[in-house]
Structures are given as C-alpha cells and as structure tokens.
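**Q** Residue numbers (our numbering), protein chains in the order written: chain A, 31 to 138; chain B, 399 to 514.
C-beta atoms are modelled at their ideal positions from N, C-alpha and C, and glycine is treated no differently.
After the structure tokens below, expect a handful of questions from me.
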C-alpha cells in the first residue's frame, strides 16, 4: 500500500535560514511525487513536481529512491514562505495520496 | 480564467441529516477529484472521475458517501445520515488528466462542513 509520511507537523525557522521539509514515501511502483502549498486564506496549489526538476520560489526537491524521500529545501527562508506544505504521491491512477502536512513558520 | 468553484463555502448541519456539496470544475477539464481535509489528518482522497469511465471510489470512507458527475462537468458529493466525524473541509480538484498522465490538479476553495 502507498503511504506518504511528513514527520514534522510544525516547523519554525528564522528568516534567511535554510529550511528543509521532510517527506518519505512508501510505494511498490514507480513513484511520482509532488509538493503542494497552501498559503493563508488561499487555495491549495502545486508548488513543484519531481519530474520537472525545477526550482519554484527558490524551493527544490530531489527524489531519492534509495531513501524513499522527497524532501523540500530552500537555502534562505523568506517570511512569505510561511504556509502549510503537503507532500503527495501519485499512483497508477491520477489521484494523489497526501501526507499530513507541515506548517512552516518563518520568523522575521 | 475561472478556477474550480465549490458551494456552499460553509455548511452546518445536524447529525443524521443529508448534505450535498457541489463542485464546478475548470471548463474542459476531464478529470475531477474529491478530497477531505480533516484536522490533523491531512488530505484524504475520496473519489476520482475521469471522462466517461467508471469512477474510482476506493477512497470513500463508507456507503453513506456517494458522488455523481453529470454531463462530464459538475459534480455533487452527497453524505447521507451525517455523523460528527464527517466534519471536515471537502476539497474538489480538476485536471486535464489522461489516464496515466501527470496533469496538475487545480483545487477549489473547499466546503467547510460542520456536523453538530
């Protein structure tokens, strides 16, 4: 069965500090992984996906199949990064399995 | 353009009553999804519609939950005989999915359901 684990419910960092939001997955097939973000009073939206190997708003995430991880990283956190972050796994169909989310707070 | 819309935005109901939640996907999106966001539980997949194919109902928590998608567009999620544990935010998303594709899912604002 598939599973997405985000071990930290809450994460606080100071502005300018590096940030890493952890995500581990369990899936027997070939995984596709995503990070979604929900800013205060806004809709859930896609931040990035591993197949694109892109950097969005300074965030990157590398799929590590050996460690079954897809951690989200940013070298210098900004106040506007404060939000709820969800790691998601797409299985054979197009539906997504989400982790429980990590609330990131960037302290000015 | 217009995004995914959901109605009502908030719904308060009494335990045992039926509720209907509506989702209007982005025009042209063939795939539609329902998720439930419970406090401390993250996002839980409920059901997935893709074109005219039979829906994937594997995430529905009980037979009190059902969903329809009429004309390949608007979808209604129905919860019968609501229970307090049904209280959550119900999110709808749509995408330009093809089976096996990786199309981005666009989420609506959600319906916040409170069962008293």
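#1: Between residue 34 of chain A and residue 107 of chain A, which are expected to be in contact by the criterion C-beta below 8 Å, what is the C-beta distance as a whole number of angstroms?
#2: CA-CA distance, residue 111 of chain A and residue 119 of chain A?
#3: For residue 502 of chain B, go through chain A and note every residue whose CB falls closer than 7 Å to its CB, in chain order.
#4: At a CB distance below 9 Å, what residues from the region 104 to 133 of chain A approach chain B? Give them in sequence order.
#5: For residue 480 of chain B, count neighbouring C-beta atoms within 10 Å of its own C-beta (all shown protein chains included) and say buried if the count is 16 or more, exposed if not.
#6: Name, in chain order, the residues that DSSP records as bridge partners for residue 110 of chain A.
#7: Between the Cα of residue 470 of chain B and those of B/405, B/411, B/511, B/450, spot the shortest distance and give me the residue it belongs to.
#8: Give me whichever residues DSSP pairs with residue 465 of chain B in a beta bridge.
#9: What residue range is occupied by the uninterrupted beta strand (DSSP E) comprising residue 408 of chain B?
#10: Within 10 angstroms of the Cβ of residue 129 of chain A, are there 16 or more other Cβ atoms? Answer buried if so, exposed if not.
#11: With a 10 Å radius around its C-beta and 16 neighbouring C-beta atoms as the bar for buried, classify residue 44 of chain A as buried or exposed.
#12: DSSP three-state label for residue 42 of chain A, please.
#13: Could you round the C-beta distance between residue 486 of chain B and residue 436 of chain B to whole angstroms and report it? I think they count as a contact, below 8 Å.
#14: For my contact list, residue 432 of chain B and residue 444 of chain B are in at a C-beta cut-off of 8 Å; report their separation, rounded to the angstrom.
#15: Is DSSP giving residue 440 of chain B helix, strand or coil here?
#16: Note the first and the last residue of the continuous beta strand (DSSP E) segment covering residue 121 of chain A.
#17: If I measure Cβ to Cβ from residue 504 of chain B and keep anything under 7 Å in the same chain, skipping five residues before and after, which residues do I get?
#18: With respect to the beta strand (DSSP E) encompassing residue 405 of chain B, which residues constitute its N-terminal and C-terminal limits?
#19: Looking at the C-beta of residue 83 of chain A, does it have a partner C-beta in chain B at a distance below 8 Å?
#20: Grab me the residues of residue 434 of chain B's own chain with a C-beta within less than 7 Å of its C-beta, minus the 5 sequence neighbours each way, in chain order.
**A** According to the structure data:
#1: Wrong, their Cβ atoms sit about 23 Å apart, outside the cutoff.
#2: 22 Å
#3: 76
#4: 116, 118, 120, 122, 123, 124, 125, 126, 127, 128, 129, 130, 131
#5: buried
#6: None, per the DSSP bridge assignment.
#7: B/450
#8: B/475
#9: 408 to 411
#10: buried
#11: exposed
#12: strand
#13: 4 Å
#14: 4 Å
#15: strand
#16: Taken as a continuous stretch (DSSP letters only), residue 121 of chain A belongs to no beta strand (DSSP E), as it is neither H nor E.
#17: 401, 402, 424, 491, 492, 493
#18: 403 to 405
#19: no
#20: 442, 444, 486, 488
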